[in-house]
Each structure stands twice: as structure tokens, then as C-alpha cells.
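Trainee: Going down the list, the sequences are from chains A and B.
According to the numbering used here, the first sequence is numbered sequentially starting from 1.
According to the numbering used here, the second sequence is numbered sequentially starting from 212.
To start, I am sharing the structure in question, which I have written as C-alpha cells.
2 protein chains.
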Amino acid sequence: MSQQVQKSRTKASETQAAIFRFIVRYISEHAFSPSIREIGRGVGIASTSTVHHHLKKLEEEGLLEMRSGKRRAIRVTSHHTSVPVQVPLIGRVAAGKPVFASENIEKYVAFPFNRTTTPGDYFALRVQGDSMIDAAILDGDIVIVEKTTIVQDGDIVVALLDDEATVKTLKYDTSGRAYLHPENSLYEDIPFDRESSQILGAVCGLIRKSF
Amino acid sequence: MSQQVQKSRTKASETQAAIFRFIVRYISEHAFSPSIREIGRGVGIASTSTVHHHLKKLEEEGLLEMRSGKRRAIRVTSHHTSVPVQVPLIGRVAAGKPVFASENIEKYVAFPFNRTTTPGDYFALRVQGDSMIDAAILDGDIVIVEKTTIVQDGDIVVALLDDEATVKTLKYDTSGRAYLHPENSLYEDIPFDRESSQILGAVCGLIRKSF
DNA sequence: TACATTAGCAAACAAATGTTCGGTTGAGAT
DNA sequence: ATCTCAACCGAACATTTGTTTGCTAATGTA
């Protein structure tokens with residue numbers, strides 16, 4: 001009999017799992033939530049109220065969030081999916097323009113943050129060259145950068161040198177002078193002057209695509 | 212006078228750029244689209260029809276897509292943002308269960324694909340150990356894997372060895388026998404037998420988080 | 001001046017969609 | 001047999017929200 005209780009339980013959670021999977025997949029494909037009726041059609045439930053009931057359950061279980069009243073406003077809880085934050089990808093830096101001006105934004109790339117973040121605090125940059133291969137950063141990789149000027153010895157930073165954004169490790173020599181260290185023995189250290197040059201931020205993530 | 216034409220033009224495109232930025236930001240923060248009225252409130256336009264008009268323009272310019280009639284169904288064109296596809300992250304593989312059973316799915320992570328893909332064709336795996344550091348894959352990195360068994364010499368693959376999913380380079384020796392090659396001179400090659408072991412897929416992307 | 005264009009507003013409309021209510025069915029418990 | 005409960009249906013309801021229409025003001029043009 002405990003088996004039958006279990007059976008009814010599993011049936012319920014199976015439907016709910018199916019709904020959950022449908023929502024995740026739908027959002028993946030469409031970039032916006034499904035409506036209750038679309039969910040019903042997707043998993044084979046005819047009544048909107050039944051779907052609604054399951055959604056409430058899923059919400060109680062903490063798997064997803066619904067904005068009451070709003071349409072197509074289902075969101076999967078960050079515990080179970082990452083929150084894809086769209087980060088502006090800085091392309092070639094146009095001379096004269098501020099680095100983060102919209103002219104320099106090539107496109108937006110999604111990065112799966114764990115915590116909620118303010119999108120404006122981050123940017124993305126495509127790495128050019130092999131000067132950081134010993135830090136496992138390859139040519140063509142996209143680094144996610146947190147905008148900050150508070151950086152420590154050993155941080156991988158993005159610095160603006162002659163209208164060119166470069167990725168290097170920041171280090172201090174024995175006399176406390178800052179320099180930029182390429183993680184590749186073929187390259188030389190670059191002295192860094194805070195007056196003439198500028199730290200744009202610290203690398204906090206990376207995306208690589210190989211297809 | 213050409214200046215004045217330009218002025219009115221820039222004014223229009225400025226409003227539209229503001230709307231575009233608002234939408235990107237809103238979707239980043241909420242994971243679903245704003246409604247026309249929310250956009251209006253966000254950029255300081257009182258009339259829904261004005262916002263609607265600008266959206267049409269933005270759609271003509273190819274910056275975004277709207278599903279006619281559907282609510283909160285604005286989507287930024289993949290040319291300007293990547294499409295965040297939610298990929299299931301395979302955690303510890305439970306003995307006996309199929310690898311891709313939902314029991315083994317730890318969570319979903321977003322990966323910025325360029326082209327539209329079917330989410331079911333990919334999975335994600337957290338890399339354990341430093342056996343691939345010479346391929347710039349570190350301990351803790353998340354690799355994105357395309358489910359396929361068609362792999363070539365030199366491909367970085369995910370193989371299932373003793374209920375453990377491992378990332379290695381697939382190679383063939385001179386006699387055509389397959390083996391798994393760790394990209395780290397401290398590790399030994401592993402002979403690979405297609406009968407007893409299984410190729411789960413080929414690595415096609417990578418996510419690293421360091422914060 | 002008269003006309004065209006553009007950005008904006010307000011109001012009304014219609015469609016999509018979340019929410020609620022009552023009823024039905026089947027399995028398990030009392 | 002009777003009761004309870006969970007899953008489901010169908011229909012009605014209430015909002016949200018996309019769409020349309022007509023109007024005004026400002027600007028540049030013929």
C-alpha cells in the first residue's frame with residue numbers, strides 16, 4: 001500500500017517534472033515564458049486550472065517563480081537554473097569615444113551568473129593573442145569582466161593601453177610599482193602607469209566556443 | 212539645415228536606443244520581456260501607441276522580434292544578443308541510472324549559442340581535476356558537450372568510465388586502436404574500449420567562473 | 001503660406017491569458 | 001458503503017496587454 005501511495009505521488013511529481021522541463025525548454029527556445037495554455041498543450045493537460053494548480057505546487061517547492069497576474073512571467077529559480085545575464089561585448093574601441101559608449105558595444109552575450117547582478121557592472125571582451133595561455137586563456141576566448149578599479153596583486157585585469165583593451169595579470173614589483181604580466185614566457189612584462197593608463201576591470205569569468 | 216534633420220533623427224534614434232537598452236536590461240533582470248506599458252514607464256513615454264510605434268521601428272531595423280499578439284513576447288535578435296540556451300548540468304552520475312536521467316541533472320546553466328539549437332542535444336559537465344590543463348581546461352570549469360558518438364582523432368570528448376564522466380582527448384594509435392589522452396604530462400594515457408566504455412559527446416564550449 | 005513628416009498623447013478595442021469555481025473520477029482509507 | 005483526497009476538466013471571469021484610431025505640436029520643405 002505504501003507502494004500505491006508512492007505511485008500516486010510519483011504520478012503527480014512526474015507531471016510536474018514534465019511541466020518543469022517543458023518550461024525550461026520553452027524558455028530556452030523562445031527567450032520568453034510559455035502561457036498556461038501553451039504548457040497545457042505541451043504536456044497534454046486540457047484544463048488551464050490543472051496547469052495552474054501544478055504551477056502553484058512547483059512554486060511552493062521553490063522550483064520556479066510566478067509574477068502574480070503578469071502574463072508569461074514565469075521564471076525558473078536561480079537555484080535550478082543559472083540566471084543568464086546579458087553582458088555587453090566590447091568590440092574594437094573607437095578612438096575618442098568612451099570605452100563603454102554604445103558605439104563600442106558589438107553585441108550582448110549571456111553569462112550564467114549565480115547571484116543576481118546589475119548588468120551594468122560587467123562587460124565582456126574577446127581575447128586577442130596568446131599572451132595569457134599559461135592562465136588557460138586562449139586566443140578567441142571571451143572574458144567576463146567586473147568593472148572595478150580595486151584590483152590586487154595577481155588579479156587578471158583588463159587595462160586600456162593606447163585605445164586597446166588588453167588582458168594581463170596585474171603585479172607589483174618589490175618597490176611597489178605596478179606592471180602587467182603576460183602569462184606566456186614569450187612576452188615581456190609591461191610597466192603600468194596609473195596616470196596615463198587605466199584599469200577597466202577584473203576578469204571574473206570566461207566563455208569559450210569551439211565549433 | 213542638414214544639421215536640423217540630423218537633430219530630429221538623432222532624437223528619434225536616441226529614444227529607440229533607450230527603449231532597446233531598457234528591454235535588454237529588463238530581460239537580464241527579470242528573465243522575461245517587459246510589457247509596452249512598462250517600457251513606456253521606463254523610458255518616460257506616456258502613450259502605449261508611441262512605444263508601440265518605436266518597437267515597430269526597432270523591429271524593422273532588425274534589432275528585435277515581436278510575436279504579434281502574444282504578450283511579453285519581445286526577443287532581442289540573436290545578431291545583437293546571443294541566445295542563452297539552458298543546458299542540463301550533469302552532476303554525479305548515479306549508479307544504475309541512465310546518464311541523462313533527470314536524477315543526474317544538477318541544474319541548468321545558460322550558454323550563449325550563436326545559432327538556434329535543440330537544447331536536448333547538449334549537456335554540461337563540471338571538470339574535476341587538472342588532467343586537461345594543457346588544453347586550457349581547469350579544475351572546476353564547466354564544459355559544454357554536444358551529444359554525439361561521431362568523434363575524430365584529436366577531439367576533446369566526454370567518456371563514461373566506471374560510472375564516472377571524464378574529459379579527455381580522443382586519439383588513435385598507429386594500429387588504429389583508440390585511447391584517451393590527458394592533456395597533462397603527469398597522467399598516463401588510458402586505453403579505450405568501445406565495447407565496455409561509452410563516448411557521451413564532444414566538448415564544444417566552456418564556462419569558467421572565478422569569483 | 002500650405003503641406004508633409006515625426007514624435008507624442010489619450011482613449012477605446014480586442015485578444016491573450018492568469019485566476020477562480022464547481023463538478024467528476026478513481027484510488028485508498030475508515 | 002462511505003469518506004477523503006488528488007488530479008483533472010470545463011466554463012466563466014477579470015486583467016493585462018497588444019493594437020488601432022484620431023488628434024496635437026513641432027519642425028522642415030515646397
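No residue lacks a Cβ here, since even glycine has one placed at the ideal position from N, Cα and C.
By Cβ distance below 6 Å, which residues in the same chain neighbour R75 of chain A in space, the five residues on each side in sequence not counted?
Mentor: Correct list, in chain order: E65.
Trainee: Any idea which residues DSSP pairs M277 of chain B with across the strands?
Mentor: B:I285
Trainee: Leaving out five residues before and five after V203 of chain A in sequence, what residues of the same chain have Cβ atoms less than 6 Å from its Cβ?
Mentor: V143, V145 and I156
Trainee: Would you tell me roughly how many angstroms separate the C-alpha atoms of A389 of chain B and S408 of chain B, rounded to the nearest one?
Mentor: 11 Å
Trainee: The beta strand (DSSP E) spanning S337 of chain B covers which residue range?
Mentor: Correcting the residue identity first, residue 337 of chain B is Arg in this sequence and not Ser. Start and end: Y333 to R337.
Trainee: With a threshold of 8 Å between beta-carbons, can Q86 of chain A be considered close to chain B, or not?
Mentor: It does: the Cβ of Q86 of chain A has a partner Cβ on chain B nearer than 8 Å.
Trainee: I need the straight-line Cα distance from P402 of chain B to L391 of chain B, nearest angstrom please.
Mentor: 6 Å
Trainee: In three-state DSSP terms, what is Y202 of chain B?
Mentor: Past the boundaries of the shown model lies residue 202 of chain B; chain B is included only from 212 to 422, so the question cannot be answered.
Trainee: Would you list the residues sitting across from K107 of chain A in a DSSP beta bridge?
Mentor: A:L89
Trainee: Determine the direct distance from the alpha carbon of L63 of chain A to that of V24 of chain A, and round the result to whole angstroms.
Mentor: Straight-line Cα distance between these residues: approximately 11 Å.
Trainee: Which two residues bound the contiguous alpha helix (DSSP H) that contains I256 of chain B?
Mentor: That residue, I256 of chain B, is in no alpha helix (DSSP H); it is neither H nor E in DSSP.
Trainee: In the structure shown, what three-state DSSP assignment does K268 of chain B receive?
Mentor: In the structure shown, K268 of chain B falls within a helical segment according to DSSP collapsed to helix, strand and coil.
Trainee: Where does K11 of chain A land, buried or exposed, given buried means 16+ other C-beta within 10 angstroms?
Mentor: Legend: pLDDT at K11 of chain A = 48, less than 50; position of this residue unreliable, no value from coordinates given.
Trainee: Is there a Cβ from chain A that is less than 8 Å from the Cβ of S396 of chain B?
Mentor: Chain A, which has no Cβ nearer than 8 Å to the Cβ of S396 of chain B, makes this no.
Trainee: Any chance the segment 161-177 of chain A sits against the segment 125-132 of chain A, with 3 or more Cβ pairs inside 8 Å?
Mentor: yes
Trainee: Report yes if the C-beta distance between L160 of chain A and L125 of chain A is below 8 Å; otherwise report no.
Mentor: no
Trainee: So, at 7 Å on beta carbons, what are the nonlocal neighbours of P393 of chain B in its own chain, with the 5 sequence-adjacent residues on each side left out?
Mentor: S342, M343 and K379
Trainee: For a contact meaning CB atoms closer than 7 Å, what does G273 of chain B contact in chain A?
Mentor: The premise fails here: G273 of chain B is roughly 13 Å from chain A at the closest Cβ pair, so nothing lies under 7 Å.
Trainee: Closer than 7 Å by beta-carbon distance: list the chain A residues that pair up with S244 of chain B, in chain order.
Mentor: Against chain A, a Cβ distance below 7 Å from S244 of chain B picks out F32.
Trainee: Report the residue ranges of all beta strand (DSSP E) runs contained in full by the segment 122-201 of chain A; include only those spanning at least 3 residues, in chain order.
Mentor: Whole beta strand (DSSP E) segments, 3+ residues: 122-126, 142-147, 156-161, 164-172 and 178-181.
Trainee: Answer with buried or exposed for H264 of chain B, where buried requires no fewer than 16 other C-beta atoms within 10 angstroms of its C-beta.
Mentor: exposed
Trainee: Return yes when the Cβ of I207 of chain A is within less than 8 Å of the Cβ of V109 of chain A, no when it is not.
Mentor: yes
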